[in-house]
Amino acid sequence: MDSSLLLLTVSLSTLLHSWRIMKLFSLYIFFFFFYSKGSSTFSESLASSTSSDVELLLGKIGASLQGKTDNLLLSSWNTSTPLCQWRGLKWVFPNGSPLLCNDLSSPQWSNLSLSKDPSIHLLSLQLPSANLSGSLPRELGEFPMLQSLYLNINSLSGTIPLELGYSSSLSDIDLGDNLLSGVLPPSIWNLCDKLVSLRIHGNSLSASIPEPALPNSTCKNLQFLDLGNNKFSGNFPESITQFDGLKQLDLGNNFFSGSIPVSITGVHLEKLNLSHNNFSGALPLFGGSKFGVEVFEGNPGLCGSPLKSCTGTSGLSSGAVAGIVISLMAGAVILASLLIGYVQNKKKKGRGESEDELEEGEDEENGGLVGGEGGEGKLILFQGGEHLTLDDVLNATGQVMEKTSYGTAYKAKLADGGTIALRLLREGSCKDRASCLPVIKQLGRIRHENLIPLRAFYQGKRGEKLLIYDYLPQRTLYDLLHESKTGNPMLNWARRHRIALGIARGLAYLHTGLDIPITHGNVRSKNVLVDELLCSQAH
Numbered sequence: 001m002d003s004s005l006l007l008l009t010v011s012l013s014t015l016l017h018s019w020r021i022m023k024l025f026s027l028y029i030f031f032f033f034f035y036s037k038g039s040s041t042f043s044e045s046l047a048s049s050t051s052s053d054v055e056l057l058l059g060k061i062g063a064s065l066q067g068k069t070d071n072l073l074l075s076s077w078n079t080s081t082p083l084c085q086w087r088g089l090k091w092v093f094p095n096g097s098p099l100l101c102n103d104l105s106s107p108q109w110s111n112l113s114l115s116k117d118p119s120i121h122l123l124s125l126q127l128p129s130a131n132l133s134g135s136l137p138r139e140l141g142e143f144p145m146l147q148s149l150y151l152n153i154n155s156l157s158g159t160i161p162l163e164l165g166y167s168s169s170l171s172d173i174d175l176g177d178n179l180l181s182g183v184l185p186p187s188i189w190n191l192c193d194k195l196v197s198l199r200i201h202g203n204s205l206s207a208s209i210p211e212p213a214l215p216n217s218t219c220k221n222l223q224f225l226d227l228g229n230n231k232f233s234g235n236f237p238e239s240i241t242q243f244d245g246l247k248q249l250d251l252g253n254n255f256f257s258g259s260i261p262v263s264i265t266g267v268h269l270e271k272l273n274l275s276h277n278n279f280s281g282a283l284p285l286f287g288g289s290k291f292g293v294e295v296f297e298g299n300p301g302l303c304g305s306p307l308k309s310c311t312g313t314s315g316l317s318s319g320a321v322a323g324i325v326i327s328l329m330a331g332a333v334i335l336a337s338l339l340i341g342y343v344q345n346k347k348k349k350g351r352g353e354s355e356d357e358l359e360e361g362e363d364e365e366n367g368g369l370v371g372g373e374g375g376e377g378k379l380i381l382f383q384g385g386e387h388l389t390l391d392d393v394l395n396a397t398g399q400v401m402e403k404t405s406y407g408t409a410y411k412a413k414l415a416d417g418g419t420i421a422l423r424l425l426r427e428g429s430c431k432d433r434a435s436c437l438p439v440i441k442q443l444g445r446i447r448h449e450n451l452i453p454l455r456a457f458y459q460g461k462r463g464e465k466l467l468i469y470d471y472l473p474q475r476t477l478y479d480l481l482h483e484s485k486t487g488n489p490m491l492n493w494a495r496r497h498r499i500a501l502g503i504a505r506g507l508a509y510l511h512t513g514l515d516i517p518i519t520h521g522n523v524r525s526k527n528v529l530v531d532e533l534l535c536s537q538a539h
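Here the sequence shown stands for residues 1 to 539, numbered as in the working numbering.
Set out below in structure tokens:
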């Protein structure tokens, strides 16, 4: 028995020793592989970093910017042409003295050997309106003395490379009016201490504005920030309110939402554009009537000077409402997009408040009531629709977007320049008034990332029913499935799966996540909006 135990102990000891050897060997292989790969990558990076600026331009930059079409300006970048005659470029010596290229009589103007001098560095790359159709190369961040990068008004596509933010010297960037997409790389704020101007307006950049990596970054030299005419979303970038030296800020024509922070008034701005977004709430006081209506117009949720007052509503005469409703039903006037499914509510009929209870006053939880007796109708407001009034809704003008068995959808323009979306429900969509209103109230409470929120509901004296939403200009799933001009699908299977999962989550919430289950009743690709992050929303 003792010998067996001894034999077992020796076997276990041998097995443990072998396991340790195998573990050390596997660690050695792992370390050797990744060390070798890392060393190789580092060597390649080092070799790249020691390339002269001329070599970078000839090897990477020119080809990437040019794209597939020969470019006349870029054709001047070659070693058979004197460096001073390379179009769109300015040069500097390591001591900071410029290469004198303005004097045609200077020997530097015709000196062919300068392109072989590795001590000469690129100071400025300026090719606006140069018919560039390529993309931004990541090597743009490798020029050690590059200060100005102006590539605006071209047809450059793709993303802004992360490496651009690792430049050691960039201070002026203008990439406006191109075809750039994707997000603004967070590394761009690495340039904060040097950056004087950043202009990237007129592209298709999306998502929210990233925060600087270092808290309380002031970007003390930044004076001009132009992010307008893109597809940016999210809240007002709070970090901008710490940019003390900012003189001009343009966030116009994007999809920013939420309130405008009071702290922005502490920045001594000379020019400001926040128009045509989805900002809401009361405007902070800039003082001295510094900015006019045009600075804030196109944000239907904003109120306060110089826009409309944040308090007070007014009703319309019954004659005016009747006239507008007749026009609505004729399809000539009002209102916007988005579809709500047919409501099935037989089992829980009478569970919510009745219409009479609703009309007694304001319901803080489920929505406030606007309007009064005398034929004006009732406007029930939900979260996000507090800025709307009967005047806004009934005096909006627009066009028919779609007609279905459930009603007619309209895109409507408000008097202040904002846009809303409505659906005039077909008569009989609700079985009766008592069962309809509790479900409408429940719809108004829904806040789900895959369902478009209801902002308000209007019920006229004659029984007309309008569902009021934000107008969202995103493309539909139908567009993404059928828009390809090359014949190749715009959505791969992974993206389709993500969109389908979003739709399923939205429908599951309607079916199982509410007190009164709601059946959509009309799920199709044209009723699914898809944003830049492939988040799908059913309506």
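Positions of the beta carbon are idealized from the N, C-alpha and C atoms, including for glycine.
C-beta atoms of residue i and residue j nearer than 8 Å
{"i": "Ser280", "j": "Leu302", "result": "yes"}
{"i": "Leu175", "j": "Ile209", "result": "no"}
{"i": "Ser187", "j": "Gly165", "result": "yes"}
{"i": "Leu269", "j": "Gln248", "result": "yes"}
{"i": "Ile499", "j": "Leu477", "result": "yes"}
{"i": "Pro144", "j": "Ser168", "result": "yes"}
{"i": "Ser155", "j": "Leu179", "result": "yes"}
{"i": "Ser119", "j": "Pro94", "result": "yes"}
{"i": "Asn254", "j": "Asn221", "result": "no"}
{"i": "Tyr469", "j": "Arg455", "result": "yes"}
{"i": "Leu283", "j": "Ile260", "result": "yes"}
{"i": "Lys68", "j": "Pro137", "result": "no"}
{"i": "Phe256", "j": "Phe236", "result": "yes"}
{"i": "Leu146", "j": "Leu114", "result": "no"}
{"i": "Leu480", "j": "Leu424", "result": "no"}
Cα-Cα separation, residue i to residue j
{"i": "Gly182", "j": "Lys231", "result": "10 Å"}
{"i": "Val293", "j": "Thr218", "result": "29 Å"}
{"i": "Gly506", "j": "His387", "result": "27 Å"}
{"i": "Val325", "j": "Val393", "result": "Confidence at Val325 is low in this model, with a pLDDT of 29, below 50, so the placement of that residue should be treated as unreliable; the coordinate-derived value is given next. The alpha-carbon atoms of Val325 and Val393 are separated by roughly 11 Å."}
{"i": "Leu72", "j": "Asp117", "result": "25 Å"}
{"i": "Tyr509", "j": "Ile518", "result": "9 Å"}
{"i": "Gln459", "j": "Val530", "result": "30 Å"}
{"i": "Gly377", "j": "Asp416", "result": "22 Å"}
{"i": "Asp172", "j": "Ser148", "result": "5 Å"}
{"i": "Ala412", "j": "Leu140", "result": "45 Å"}
{"i": "Met22", "j": "Ala494", "result": "Interpretation of Met22 is limited by its pLDDT of 44, a score under 50 that renders its predicted location unreliable; the figure taken from the coordinates is listed afterwards. Distance between the alpha carbons of Met22 and Ala494 is about 39 Å."}
{"i": "Gly319", "j": "Gly385", "result": "Low local confidence applies: a pLDDT of 29 at Gly319 is under 50, so the model's placement there is unreliable, and no value is given."}
{"i": "Pro161", "j": "Phe382", "result": "42 Å"}
{"i": "Leu74", "j": "Leu112", "result": "17 Å"}
{"i": "Ala332", "j": "Asn395", "result": "Confidence is the limiting factor: at Ala332 the pLDDT is only 24, short of 50, which leaves the residue's position unreliable and the question unanswerable from this model."}
{"i": "Asn492", "j": "Leu65", "result": "28 Å"}
{"i": "Glu142", "j": "Ser52", "result": "10 Å"}
{"i": "Arg524", "j": "Gln442", "result": "23 Å"}
{"i": "Ser204", "j": "Leu379", "result": "36 Å"}
{"i": "Asp226", "j": "Ser239", "result": "15 Å"}
{"i": "Met401", "j": "Val439", "result": "25 Å"}
{"i": "Trp91", "j": "Ser206", "result": "34 Å"}
{"i": "Phe33", "j": "Trp77", "result": "Any reading at Phe33 must be qualified, since the residue scores a pLDDT of 30, below 50, and its modelled position is unreliable; no value is offered."}
{"i": "Leu274", "j": "Glu163", "result": "29 Å"}
{"i": "Leu214", "j": "Lys403", "result": "52 Å"}
{"i": "Thr41", "j": "Gly228", "result": "Confidence is the limiting factor: at Thr41 the pLDDT is only 35, short of 50, which leaves the residue's position unreliable, though a coordinate-based value still follows. When rounded, the distance between both Cα atoms is 38 Å."}
N-terminal and C-terminal residue of the beta strand (DSSP E) that residue i is part of
{"i": "His121", "result": "His121 to Gln126"}
{"i": "Ile380", "result": "Lys378 to Leu381"}
{"i": "Trp91", "result": "Leu89 to Val92"}
{"i": "Ile420", "result": "Thr419 to Leu425"}
{"i": "Ala456", "result": "Leu454 to Gln459"}
{"i": "Gly182", "result": "Leu179 to Gly182"}
{"i": "Leu529", "result": "Val528 to Val530"}
{"i": "Gly301", "result": "Gly301 to Cys303"}
First and last residue of the uninterrupted alpha helix (DSSP H) at residue i
{"i": "Tyr469", "result": "It is not in any alpha helix (DSSP H) - Tyr469 instead sits in the beta strand (DSSP E) that spans Lys465 to Asp470."}
{"i": "Arg199", "result": "Counting along the chain, Arg199 falls outside any alpha helix (DSSP H), though it belongs to the beta strand (DSSP E) covering Ser197 to Arg199."}
{"i": "Leu394", "result": "Leu390 to Leu394"}
{"i": "Arg495", "result": "Trp493 to Thr512"}
{"i": "Asp479", "result": "Leu477 to His482"}
Residue i Cβ short of 7 Å to the ligand ADP heavy atom set
{"i": "Ile153", "result": "With respect to small molecules bound, the structure shown includes none, and the ligand ADP cannot be examined in it."}
Residues sharing a beta bridge with residue i, DSSP
{"i": "Gln248", "result": "Phe224 and Lys271"}
{"i": "Glu402", "result": "Ala409"}
{"i": "Phe279", "result": "Gly258"}
{"i": "Pro137", "result": "Partner(s): none; Pro137 has no beta bridge."}
{"i": "Leu149", "result": "Leu125 and Ile173"}
{"i": "Lys231", "result": "Ser206"}
{"i": "Pro98", "result": "Val92"}
is_contact[residue i, chain C] using C-beta, thresh 8 Å
{"i": "Leu180", "result": "Any reference to chain C falls outside this structure, which holds one protein chain only."}
Quick test of the definition: if touching needs 3 or more C-beta pairs under 8 Å, does the stretch 98-115 touch the stretch 126-136? no
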